[in-house]
Structures are given as C-alpha cells and as structure tokens.
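Numbering (this note's numbering), first residue to last: 6 to 331.
Below you'll find the structure, written out as structure tokens, and then a few comments.
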Ligand code: UDP
C-alpha cells in the first residue's frame, strides 16, 4: 500500500512518516515547506508543493500507486488565524477541498485527516467526547470544522471514507522527530527553552483561571501515540471500516505550573516563571474522552505520563540543540 502524506515534513506528520516506514509502508510526502523541515523526512520520496495543486496530486497518485492519504498539511497558529483568517481558510479549507477533489478523481477514497479539539470551542463539559457540540472560537478551528463537514458530504455523495483525528495537545518527540516551530508558541518547547537558557523565563499566560492552581489545564498526548493512531486509522479504512470522527488524548489534565514542575524534575534545571495576562481564547480546561479511539481503532496511549512526554522532548532538544537544520 502506498500512502500520500501531506504535511509529512511537519511535527506530527514526520513522526507518522517514521512509523509508517518502520512498518514497511511505501510513503510519499507532499509538503510546501512553509513550516515543515526537509531534514525531518530524510530519504523519503518527497514533492515540494501545495495540496491545492491538483495536477501535482494526480501525478503523484498515478506515479506511485497511492491508495490512501494522510492529510496533515495546514497552518496551525490560532492567533494568526484571528488576524489573517483569509490565509487559514484558503490553505486549510479551500486547498484541502482541491486535494479531496483530486484524490476522488484519481480514485483514492481513503483519507485520514488531522483535525483538532479546537473544533469544539469552549467546553460545555469535561472530558470532551465526540458528541460534544462543535462551536469553534477562532478561524483555525472553523477551517478544520468545515473540512470535517466537506468530508461527511463527500462520503455521502462520492463514497470517500475518512477518519478525522481530533488531537488534543500534541507533545514530546520520537528518537528522530521533534517539535521545531518558528515562531514557537507551544508550552512544552518554550518551557524547555527556558530550562536550557534559550529564554530567560517561561511566560505563564494567566494564573487566575478556575483551576486548582489558577493556570490552564490541558491534555498532553505523546506524538508517537498520535502517529500510532494514524496507522490504525489507515488499517481501519483499508479493512472497509466506516468513516468516523475520533478524539486523541490521554484523558489526563496537567496545568501549566504542573508541566513546568515536571520539566524542572526531568531537566534538573531551574526554570524561572513570569506570570503574564491571559492569552485570548484559552479555555481553562481541555481534556479528552478518547474511549472511541479504543473502541474503533483499538488505540490507547502508551506514553501517557507527563514526565515521559517531557523527557522525550528534552532528549530530542539535547540531541538537536538548534532543532532541524532546514
Ligand atoms: N502557555 C503558557 N506559556 C507559553 C505557551 C503556552 O502559559 O509560553 C499556556 C497556554 O496559555 C495554554 C497552555 O499553555 O493554556 C497550552 O498552550 P499551547 O500553546 O501549548 O497549546 P494550546 O492549548 O493553545 O493548543
């Protein structure tokens, strides 16, 4: 089976490519390298381009005998999506629609889609299951929400089968693949930069939330566990499984201060903290109910502990002090 992985040079994409290759799956990566890293995928057959380039997608499918697609390619800065929504809808929704059309025209009808807990918006209850109402609070969330609706319509009309994986907070690293964003906005990489002296302190955005220590609680899920879920989703579709929307999280919540404390333990370093104002649009708690992932895919996280997750990110940082070269 040959699999087209769009956005395969990105953080979760490259970890998934690594796991697919370990399973001897033929993988082809399509990535425009706006944010991806060429050296994250080494010798994997690679095309630099946009997912909206229908001629390119059709050519790749034909030349490589693609049977399925895992679609990661997307912009993912929530704040930027608020100030420049056009960029997010053009890339994440319109180009994805073009990709789906090209795949269907090429008779590729199995797709695993990177979705997000941002499609739920402010939680009405915790833990969040897939039946929770979806009411995104930023254009990034809407751009993914709309793609989910397109997938449903294409399933009914054209027989496209999909699994959308709604990630909670991706974190950690595999031996080869880690998190390198520019700019870096995520908590764990910034905490580790502070631990390593790259930053003088870590900013904590708000300590007056309605949580035990006043800081936001998130469900951090190891990138290797996310990658594993993609392989299972591909197998599910290949075995004729129904389309499904599936949460991926640990079902455990850690506050910002708990993450920083765990990073102090793992690194053995001092980490200074500066309390800053709340970041717009941050809910106090986001925790997944991921039982459907087990029921449908037989998936459960193997690296659930926050220290395990942080240790993997710390090890990767030590091995790649400047991140990826490209
Ligand atoms: N956060 C923080 N300092 C940072 C980065 C993030 O306090 O330097 C907080 C952020 O406000 C949120 C949590 O950490 O409550 C997780 O943020 P992240 O950007 O990693 O993921 P998100 O939940 O926004 O997808």
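We treat Cβ as the ideally placed atom computed from N, Cα and C, and that holds for glycine.
These figures come from a predicted structure and were not determined experimentally.
Collapsing the DSSP output to three states places residue 331 in coil. Under DSSP, the beta-bridge partners assigned to residue 172 are 121, 253. Here residue 42 has 14, 185, 329, 331 as same chain residues with Cβ atoms under 7 Å from its own Cβ, once five neighbours each way along the sequence are excluded. By the CB criterion at 8 Å, residue 221 and residue 309 fall outside the cutoff. For residue 109, the enclosing alpha helix (DSSP H) has its first and last residue at 100-110. Between the alpha carbons of residue 199 and residue 181 lies a distance of about 22 Å.
Contact residues of the ligand UDP (beta-carbon closer than 6 Å to any heavy atom; chain order) are 174, 190, 191, 192, 195, 207, 208, 209, 210, 221, 223, 261, 284, 287.
Counting along the chain, the unbroken alpha helix (DSSP H) around residue 16 starts and ends at 16-27. For residue 299, the uninterrupted alpha helix (DSSP H) segment begins and ends at 296-302. If you ignore the 5 residues before and after residue 300, its C-beta comes within less than 7 Å of no other C-beta in its own chain.
Nearest to residue 298 by C-alpha distance, out of 216, 292, 201, 171, is 171. Residues of the same chain with a CB within less than 7 Å of the CB of residue 163, apart from the 5 flanking positions on each side, are 109 in chain order. The closest CA to that of residue 128, considering only 141, 276, 119, is found on 141.
DSSP assignment within the region 18-102 yields the following whole alpha helix (DSSP H) runs of 4 residues or more, N-terminal first: 59-69, 83-88, 90-93.
Around the C-beta of residue 167, 16 or more other C-beta atoms lie within 10 Å, and the residue is accordingly described as buried.
For residue 11, the three-state secondary structure derived from DSSP is strand. Each of 91, 85, 100 was checked against the Cα of residue 77, and the nearest Cα belongs to 100.
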